[in-house]
Structures are given as structure tokens and as C-alpha cells.
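Q:
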Amino acid sequence: GARCVHRSIRAWVLNVSGRKARRNALALSAASHKRSTIRGAFGQWKVVRLHTERTTHSTSLALSFKRRRGLVNVFHVWQQATAKGVTTRLKLRAATPGEGDAQTLAKASLEKRFGRGTVGT
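According to the numbering used here, the sequence shown holds residues 4 to 124 in order.
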């Protein structure tokens, strides 16, 4: 009797400790799986976020370069048009008799701009 009871208690203790070990192993496995799933999801989110930021940044750079190039072109055209307008006004003033000092200043300005001998009156 006593020996049989002792063996059954010992078997029960081993069974309980085995179940506890299996439960712990399952819990550790589940926790590890959960961590790897979270890491994978975070990695995907980070890749998407970095891709979005990179795309936004390159689009912004492209737009700023395009805008700057457009402004430079517009300024260049405006500068040329303005210079042509000023030259036309100076030539007209230099060719108009009876203007006095204005005519002399216009001739001097044209000579300074284009060199000697190019101003025709």
C-alpha cells in the first residue's frame, strides 16, 4: 500500500512539473512568435514610412528645382526685355533733337553700354 501511494504521488508530481514545463515552453514560444510578428509589422511600417518620406523629399526637391529654374528663366526674359526697352528709349532720346542735356546723357549712356562709334544719330 504505502509504496504504491508513494509511487502514485511521485508520478503525479512528475506529471504536474511536466505540465508546468510544457505550459512555460508554450508561453515562451507564443511570446517569441508575438515579438517576431510585432517586429515584422514595425519593420514593414518603417519601410513604408521611409519610402513615403524619401518620395516626399525628392518630389519637394524636384519642385523646388523646377520652380527655381522657372524663376531664373522668367527673370532672364524680363531682364532682356527691360534692357531692350531701355536701349530703345535711350536711342530714341539720343536721336531726338532739341532735348539738350537729356540727349547728351542718352548718347553718353549708349556709348558706355555699347562702346564708341556704335551710336547712330
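Quick reminder that beta carbons are idealized off the backbone N, C-alpha and C, glycines included.
1) Could you tell me the boundaries of the alpha helix (DSSP H) in which Gly-73 lies?
2) Would you kindly work out how many angstroms separate the C-alpha atoms of Trp-48 and Arg-57, rounded to a whole number?
3) Rounded to whole angstroms, what's the CA-CA distance from Leu-29 to His-36? Just pull it up for me.
4) Give the straight-line distance between the Cα atoms of Phe-45 and Gly-73, rounded to the nearest whole angstrom.
A: Answer, in terms of the structure:
1) Here residue 73 refers to the residue found at position 70 when the sequence shown is read from its first residue. Start and end: 5 to 98.
2) The residue you call residue 48 lines up with position 45 of the sequence shown. The residue you call residue 57 lines up with position 54 of the sequence shown. Going by the C-alpha atoms only, they are around 14 Å apart.
3) Counting from 1 along the sequence shown, the entry for residue 29 is found at position 26. Counting from 1 along the sequence shown, the entry for residue 36 is found at position 33. Between Leu-29 and His-36, the C-alpha separation is close to 10 Å.
4) Locating residue 45 in the sequence shown gives position 42, where the first residue counts as 1. Locating residue 73 in the sequence shown gives position 70, where the first residue counts as 1. For Phe-45 and Gly-73, the distance between alpha carbons rounds to 41 Å.
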